[in-house]
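Here is the structure we will look at, set down as structure tokens.
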Amino acid sequence: MNRIPPALGHLIPTTLAFFTPQSGGSPNANSIDSLYKVVLYVALVIFVLVEAALAYALWRFRARKGAVAAQIRGNTRLEIGWTLGAAVILLALAILTFVKLGSIQDPVNSGPEGANLTSDSGAPLYASADRKLPPNGKSLEIKVVGRQFVWEYVYPGANEPDGLGAPYSYEQMVVPTDTTVTLDIVSADVVHSWWIPQLGGKFQAVPGYHNYTWFKIEKPGVYRGQCALICGRGHARMIASVKAVPPAQFEAWLANQKQLIAEANAAAQASRAKLKGQIGAGQVENP
Ligand SMILES: [Cu+2]
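Once you know that position 178 of the sequence shown is 178 in my numbering, the rest is easy, because the numbers rise by one and skip nothing.
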């Protein structure tokens, strides 16, 4: 008889999801979500207890004709009790937070499927630097460049040691599933904020500074976000998405992207040469 109606049964998790961080995309986002929920539940229990005590006192001791209020001057045991109780709860939450922090900040290893990515030349697509990497030191590193008003992503696979010829894309980042992706976030102009809620917390893109974060996506899919810091007139249009595909599909996409960029560069070079022939080098902008 006391079964929850189906509509209501659906309403509770939906409402709860609205008030808690998005998750399900990456382990760090899941850790943020579970930590948030623990704090939320503890706070909810305390909130309900305090409000219930308040409501009871308001009703029980309401103004009545002839009633005389008792004059109470403090209760040492009660006061020490709630001070200690609050301190213990706070300490427990602080310890739990520090225990959980590692799983949010520290990248994990790639899964078996995503561990062996190579570029089309056969070289491994992994990069390493002097900062937080997975325990085995291997991750797919993508550079995220914030600029007014589009996100640019630069992938490993440059032709030359100075980074020239690296494949890139705008707005949508493509990544392999089962692979730990580390992001090196920079800005080309003003401060922006990189945020795909289902893949972890916000990170600012600050000119002249590097910020690092990571994610690891299990299931193929598209995860959406948007620049989370007002950065100028086009801020609202500065959307971002991360598309996760199986590793083999990612390698094919990356090779194709590289080829498309090479073709476009060749075409631009040809039309520049043609223009130069027609009107003379002196009149071509950036000859
Ligand atoms: Cu922005």
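For every residue, glycine included, the Cβ atom is placed at its ideal position computed from N, Cα and C.
Since we're looking at a predicted model, the values are computed, not measured.
For the pair LYS143 and TYR153, the CB atoms are nearer than the 8 Å cut-off. Counting the other CB atoms within 10 Å of its CB gives GLY102 a total below 16, which places it among the exposed residues. When the Cα atoms are used, VAL50 and ALA86 turn out to be separated by approximately 13 Å. TRP253 and HIS192 have their C-alpha atoms spaced approximately 27 Å apart. Those residues placing their Cβ nearer than 5 Å to any heavy atom of ligand 1 are, following chain order, HIS192, CYS227, CYS231, MET238. Of all alpha-carbon atoms in VAL175, ARG272, VAL206, PRO13, the one lying nearest the alpha-carbon of GLU141 is that of VAL175. Within the same chain, and ignoring the five residues on either side of ASN109 in sequence, the residues whose Cβ sits closer than 7 Å to its Cβ are PRO134, PRO135, ASN136, THR180. Looking at the DSSP output, THR180 sits in a beta bridge with LYS216. With 16 or more other Cβ atoms from the protein chains shown falling within 10 Å of its own Cβ, LEU183 counts as buried. Taking C-beta separations shorter than 7 Å and ignoring five residues to either side along the sequence, the partners of ARG237 in its chain run PHE149, following chain order. HIS192 has ALA205 as its beta-bridge partners, per DSSP. Closest option to ILE104, judged by alpha-carbon separation, among ALA67, ASP33, ALA273, ALA55: ASP33. The segment 1-86 contains, as complete alpha helix (DSSP H) runs of 4+ residues, the segments 6-19, 27-60 (chain order). A Cβ-Cβ distance of about 4 Å is found for the pair LYS258 and PRO167, placing them in contact under the 8 Å criterion. For VAL99, DSSP assigns no beta-bridge partner whatsoever.
If you ignore the 5 residues before and after LEU35, its C-beta comes within less than 6 Å of the C-beta of LYS100, all in its own chain and listed in chain order. Leaving aside the five residues that flank PRO207 on each side, the residues in its chain whose CB is nearer than 6 Å to its CB run, in chain order, SER187. Residue state for SER110 is assigned as coil, using DSSP reduced to three classes.
When DSSP states are grouped into helix, strand and coil, ASN265 belongs to the helix group. By the Cβ test, the segment 198-213 is in contact with the segment 221-239, since at least three Cβ pairs between them sit closer than 8 Å.
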